[in-house]
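*Asks:* First, the structure itself, so that you have it in front of you.
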């Protein structure tokens, strides 16, 4: 996902953005790619807060795909939105990531949160409009894994294990923190895009 890069010095130290390319993705004929849930219980003079649970295909093809979370604050009075998309991934390469599956072979890969810089018309998102307290709770899952305030220099902060501590698990962790979102159990061999489709349909 492409961002207009401009440092935002604030409580979350994101980058400012002119828009979120994936949220405007082309609709599929067989199912809507996005769904919006209004989970707000009050208005906020600071503007609106959104958490988007998303998936997209891999750049080289649909499989295996990738899951990520988009954090967005949309100030009132037509100010530019502040948007950041993060996905938990590995820096150890595809082979080691595959061998790390559920830890069965005792292989661990290096994991870190990476800013999304790829978008696709096949991208899907469940967008939750939330109160600031819910937003802060969802952000807290990303905060320990990032080098705040300089997101451009994200470094290794965790262990990546395909199937149980990967991009889908990070997205599911955030989803579970959002009261009002029904989060289906992940299938043992389920890829991000089919799971996100089930997540959208469950809500």
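Numbering (our numbering), first residue to last: -18 to 184. Don't be surprised by glycine CBs; every beta carbon is placed ideally from N, CA and C. Bear in mind the structure is a predicted one, so any value in this text is a computation, not a measurement.
Grab the span of the alpha helix (DSSP H) containing residue 24 for me, first residue to last.
*Replies:* Neither: residue 24 is in no alpha helix (DSSP H) and is coded neither H nor E.
*Asks:* Leaving out five residues on either side along the sequence, give the residues of the same chain with a beta carbon under 7 Å from the beta carbon of residue 167.
*Replies:* 149, 153 and 176, listed in sequence order.
*Asks:* Can you give me the Cβ contacts of residue 26 inside the same chain, cut-off strictly under 8 Å, excluding the 5 residues immediately before and after it?
*Replies:* Closer than 8 Å at Cβ, skipping near neighbours: 57.
*Asks:* With the cut-off set at 7 Å, would you say residue 118 and residue 66 are in Cβ contact?
*Replies:* Cβ atoms of residue 118 and residue 66: not closer than 7 Å.
*Asks:* Nearest-angstrom Cα distance between residue 171 and residue 47?
*Replies:* Cα to Cα, residue 171 sits roughly 12 Å from residue 47.
*Asks:* Are there 16 or more other CB atoms within 10 angstroms of the CB of residue 105, so buried, or fewer, so exposed?
*Replies:* So residue 105 counts as buried.
*Asks:* Which residue or residues does DSSP assign as beta-bridge partners of residue 109?
*Replies:* DSSP output for residue 109 lists 18 and 32 as bridge partner(s).
*Asks:* How many angstroms separate the CA atom of residue 53 from the CA atom of residue 30?
*Replies:* C-alpha separation (whole angstroms): 6 Å.
*Asks:* Using only CA atoms, which one of 183, 21, 103 and 60 lies nearest to residue 116?
*Replies:* Taking only the C-alpha atoms, the option nearest residue 116 is 21.
*Asks:* Whose C-beta lies closer than 8 Å to the C-beta of residue 112 among residues of the same chain, with five residues either side of it excluded?
*Replies:* Same-chain partners within the cutoff: 20, 21, 22, 23, 25 and 30.
*Asks:* In its own chain, which residues sit with a C-beta less than 6 Å from the C-beta of residue 55, not counting the 5 before and 5 after it?
*Replies:* 28, 29 and 62, listed in sequence order.
*Asks:* Could you tell me the boundaries of the alpha helix (DSSP H) in which residue 156 lies?
*Replies:* It spans 148 to 157 - the alpha helix (DSSP H) in which residue 156 sits, taken as one unbroken run.
*Asks:* Can you give the Cα-Cα distance for residue 131 and residue 96, rounded to whole angstroms?
*Replies:* Because the pLDDT at residue 131 is just 43, under 50, the model does not fix this residue reliably, and the value given afterwards should be weighed accordingly. So the alpha carbons of these two residues sit roughly 12 Å apart.
*Asks:* Whose CA, out of 122, 17, 34 and 37, lies closest to the CA of residue 94?
*Replies:* Cα-wise, what sits closest to residue 94 is 122.
*Asks:* Please confirm whether residue 107 has its beta-carbon closer than 7 Å to some beta-carbon of chain D.
*Replies:* Structure shown: chain D not included; a single protein chain is present.
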